[in-house]
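Here the structure comes first, spelled out in structure tokens, and everything after it is commentary.
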Amino acid sequence: MADSIECTASDGSEQARAERRRRHTLMEQTREATQDSESGLPSQRGCEVLLSSAVRHAARTGSPLSLLRCDLDGIADLAEDYGSEVGREAANTYLDRLSQQLRSSDSVCLAQGDTFLVVAEDLGDEQDAAGVAYRLLSAAVEPVEVAGQELTFPMTIGIAIGDGTVTAAEMFAAAPVALERARLDGSGGFRIIDLRPASPA
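Read in order, the letters of the sequence shown are residues 1 to 201 in UniProt numbering.
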């Protein structure tokens, strides 16, 4: 009987270790799938996870949130003109600078090329989202040194505003539309699409 009990306990311990290994492997796979390997920032897939979580948070708190799709015009071409290392260094310099303009509750994510995303939670109103955009645009006009030259890369921003009644997918679809509208006005500005239901009069 004692041998049987010892065997059962050993089996249980081994199962627990196997379960820990499984969870660790799953967490690593999730991290790799949602994180940009070079910058360490969340990828677009990671942004989808963050935005979905932010929407659930907004549903609990009633606070608006926004997704900002930001394009740094021309920075993706640096890799072709100066090499991939110079391009990455310039992009990281901009990302560090722009991140300093955000609140601790905001999340910066990489999309592709010269595009990055910002998830801004717990906003008071539309003007708060505009304030985030203004801070980013102000930081973007400062030049960055590239191969001994000071270059600037105009930024254009499209903003989708939502709340707990708007899905993350709807916000992801609206932000590029807002960005294209901003582009029609020229680089260096932003446009907002507010997806929230109209407030009662």
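Glycine included, every Cβ here is placed at the ideal spot set by N, Cα and C.
A contact is defined here as three or more CB-CB pairs under 8 Å, and the region 127-142 fails this definition with respect to the region 76-92.
Counting C-beta atoms within 10 angstroms of its own C-beta, P64 has 16 or more neighbours from the protein chains shown and is therefore classed as buried. Annotated three-state conformation of A175 is helix, per DSSP. DSSP places D71 inside the beta strand (DSSP E), whose first and last residues are 65-72. Check the Cα spacing between R69 and each of A198, I192, E126: the tightest is with I192. Ranked by Cα distance from R196, the first of L98, I159, P176 is I159. At a cut-off of 3 residues, the continuous stretches assigned as beta strand (DSSP E) that sit fully inside the UniProt domain "GGDEF" (63-195) are 65-72, 107-112, 115-120, 144-146, 149-151, 155-162, 190-194. Residue burial is scored here from C-beta neighbours: E150 has fewer than 16 other C-beta atoms within 10 angstroms and is therefore classed as exposed. Excluding the 5 residues flanking it on each side, T152 has same chain C-beta neighbours closer than 6 Å at P143, in chain order.
In the pairwise beta carbon analysis, the region 154-174 is classified as touching the region 52-61: at least three pairs are separated by under 8 Å. It is roughly 15 Å from the alpha-carbon of S43 to the alpha-carbon of D71. When rounded, the separation of the alpha-carbon atoms in C47 and R17 is 32 Å. With respect to A133, F190 sits close: the two C-beta atoms are nearer than 8 Å.
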